[in-house]
Amino acid sequence: MKELLYNNAKKAGINLSSIHLEKFQVYFDLMLETNKVINLTAITEKKDIVNKHFIDSIALKNYINLDGRKIIDIGTGAGFPGIPLAIISDNAHFTLVDSLNKRIKFLDKIIKECGLNNVETVHSRAEDLGHNETYREKYDYCVSRAVANMSVLLEYCIPFVKTGGQFISYKSEKAEDEIKQTTNAQNKLGCKFIKSYSFNLPETDISRRFYIFERNKKLSKTYPRQAGKPKKNPL
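The opening residue of the sequence shown carries number -10 in my numbering; numbering runs sequentially from there.
Below, the structure written as structure tokens:
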């Protein structure tokens, strides 16, 4: 796994150290073992985990400087993109949020086994945590690979971003149409779509894109709405 990851990361423009590779190996092994009893990922082939999970997660490093920043990962699931980013960005601080406690316990084990002192986990729904003053409007960046409509993701994620900070959504190229439908959400949440970056996963024909929204106005205390409402009735 380590050789494949090293080579494909290099093709993606990222150099991984031997320490990075060791941590990714621990992550890889524990994820597959835990996946036998907890549904963490449907992707289980080595090359697919390397490309579709690890490389996809860390590709952000080519576009955004995370050094010294506070980052929150909403709907992190099995830890993507937060854990891979934390492995290669040890001077940034990461908060990983998920609504399923079984996944949080798995992530806590990964954090311990990999010695990731720059990561904390929170068991919560985004709609609830978004009103917690400890986390609300406290982050330079919010990232998410969660599968949801972009307007829904904006309501989940923008409340964590401080003014001038950014929300970065990991999506496919096909999400362009979703952007056009977020005008109302952008206006109500005080944010603006500013740019996107496209890239291809090594040794695949898969195109991926980062969509970046900047928080530029005061956020109403109305948002996020109570649990379930953003998904049921998107802005």
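Where is the CB? At the ideal position from N, CA and C, for every residue including glycine.
- The beta carbons of Y124 and I61 sit about 7 angstroms from each other, so the pair counts as a contact at 8 angstroms.
- In this structure, the CA atom of S113 is about 11 angstroms from the CA atom of N121.
- For the set S88, K207, I195, the Cα lying nearest the Cα of G179 is the one of K207.
- Per DSSP, K(-9) is one residue of the alpha helix (DSSP H) stretching across -9 to 0.
- By the Cβ criterion, the stretch 162 to 181 is in contact with the stretch 196 to 211, since at least three pairs of Cβ atoms, one from each stretch, lie closer than 8 angstroms.
- Every alpha helix (DSSP H) stretch that sits fully inside the stretch 4 to 92 and reaches 4 residues is listed by chain position as 7 to 23, 71 to 77.
- Per the Cβ contact rule, the stretch 27 to 41 is not in contact with the stretch 96 to 107 (fewer than 3 Cβ pairs under 8 angstroms).
- Under the criterion of beta carbons closer than 8 angstroms, Y212 and R198 do not qualify as touching, at roughly 25 angstroms.
- Rounded to whole angstroms, G66 and D87 show a C-alpha spacing of 6 angstroms.
- Short of 7 angstroms from the beta carbon of P191, and not among the five residues preceding or following it, lie these beta carbons of its own chain, in chain order: N(-3), K0, A1, N40, I44.
- S158 places its beta carbon 9 angstroms or farther from that of I195.
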